[in-house]
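Chains as they are written, first to last, in this note's numbering: chain A, 2 to 78; chain B, 34 to 266. In what follows, a structure is listed as structure tokens, so that the remarks can point back to it.
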Amino acid sequence: MLTCEQLTGLVTDYIEGWLPMRQRFRFRLHVALCRSCRRYLRQMRLTIGALNGLPRQPLPPAKEQELMHRFRAWQRA
Amino acid sequence: MLPRVLTRRLDTRRGSSDQSSAPHAARVSGDETQLLSRLLAGDEAAFAALINRYYASMLRLARLFVADLDVAEEVVQDTWLAVINGLASFEGRAAIKTWIFRILVNRAKTRGMREARSINFSSLTTGSKENATPALDADRFSASGAWHDPPRGWGVDSPEDILQRKEALQLIEQEIATLPPSQQAVITLRDLEGLTSDEVRNVLGISETNQRVLLHRARSAVRRALEKHFTKG
Ligand SMILES: [Zn+2]
């Protein structure tokens, strides 16, 4: 049986689908039986979801204009 | 100004073990083909969207390699010029963003070398700063490895819940900014920009093991920061 500490070390490998089948099974078994680790896994997924959706800072207008100008020039060439 | 890609699923994207020389054409979606043809046709809206979409991450990555902000900005601008000039010959064997980030990192590395600055991606080197960041403090567990101080609830149900809170967003940004450069690079490409693991390794030129370890440490650190925020008081 995996310990809770070991599970937290494997959580990225699990989420990414990098665990070999046996390990994956052991991971799922532990999570099915352990409420705290279930919560930990869920929090890791929430974290990744937040990272995926992090708003982006747009380009400063002056730099945008310069690049648009270059893009137009390329298009005309 | 609300987050664009909430639609992206939190699925388990699989890392395959294919080499960078393998054909990646299958990975390029219909959207990508459409984007490329719009760019080639000189579609200004498409180009404007593209440069705004990747600016923040490009600047972050460039700054990991070059100390000076102005130089990093220059690297980003130069990258776009190279992208414009390379569009016509872009073969679509990698995703457009992967191609863009590869150009950026190569340019930033070159500039960084001139500044005698380089990132240590060998996370496993003993005694490096990277090693000082376990997923969790050991005192969260008992000697048997069971939880001693188990995670408490955050009171949020979805990533959207987190993204709607300004404080939480700032906190995530701050946490990323304090990570060691190699972790910042990996988490930016993988989680903020959604490159596949293979693409991340390809862009940064790092091993599978390093990528795994760096991603794990970076995500664990951000989770810890959110935990501290959502469970305080
Ligand atoms: Zn457990």
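All C-beta atoms in this analysis are idealised placements derived from N, C-alpha and C, irrespective of residue type, glycine included. A quick note: this is a predicted structure, and the numbers were derived from the prediction, not measured.
Neighbours of residue 76 of chain A in chain B, taken as residues whose beta carbon is under 8 Å from its own, are 75 in chain order. Contact of residue 27 of chain A with chain B is not assigned, every C-beta pair being separated by 8 Å or more. The C-alpha of residue 8 of chain A is placed about 15 Å away from the C-alpha of residue 176 of chain B.
Residue 40 of chain A has a beta carbon lying within less than 8 Å of a beta carbon in chain B. When Cβ-Cβ separations below 8 Å define contact, residue 22 of chain A makes no contact with chain B. If you measure from each CB to the nearest heavy atom of ligand 1, the residues under 7 Å come out as A:5, A:8, A:31, A:35, A:37, A:38, B:179 and B:180. Looking only at B:211, B:242, B:226 and B:234, the smallest Cα-Cα distance to residue 255 of chain B is reached by B:211.
For residue 192 of chain B, the uninterrupted alpha helix (DSSP H) segment begins and ends at 192 to 196. The C-beta of residue 44 of chain A comes closer than 8 Å to at least one C-beta of chain B. Using a CB distance cut-off of 8 Å, residue 66 of chain A does not count as an interface residue toward chain B.
Secondary structure of residue 75 of chain A (DSSP, three-state): helix. Separation of residue 81 of chain B and residue 61 of chain A (C-alpha to C-alpha, rounded to the nearest whole angstrom) is 12 Å. By the rule that beta-carbons nearer than 8 Å mark a contact, residue 30 of chain A does not touch chain B. Put simply, the CB of residue 110 of chain B is near chain A, with a gap under 8 Å to one of its CB atoms. Residue 123 of chain B sits in coil when the DSSP states are folded into three classes, being neither helix nor strand. Contacts with chain B at 8 Å (Cβ-Cβ) include residue 51 of chain A.
Shown in chain order are the members of the stretch 79 to 90 of chain B whose Cβ falls below 9 Å from a Cβ of chain A: 80, 81, 84, 85, 86, 87, 88, 89 and 90.
Its chain contains 264 as the residues whose beta carbon lies nearer than 7 Å to that of residue 185 of chain B, once the 5 sequence neighbours on both sides are disregarded; these appear in chain order. Judged by pairs of C-beta atoms under 8 Å, the stretch 102 to 120 of chain B does not touch the stretch 232 to 241 of chain B, as fewer than three such pairs exist.
Around residue 227 of chain B, the beta-carbon contacts reaching into chain A at under 8 Å are 53. The alpha-carbon separation between residue 201 of chain B and residue 190 of chain B amounts to approximately 14 Å.
Between the beta-carbon of residue 95 of chain B and that of residue 108 of chain B there is about 4 Å, and that keeps the pair under the 8 Å contact cut. Beyond the five residues adjoining it in sequence on each side, residue 42 of chain A comes within less than 7 Å, by CB distance, of 12 and 32 in the same chain, given in chain order.
Note: residue 28 of chain A is not bridge-paired with any residue in the DSSP secondary-structure output.
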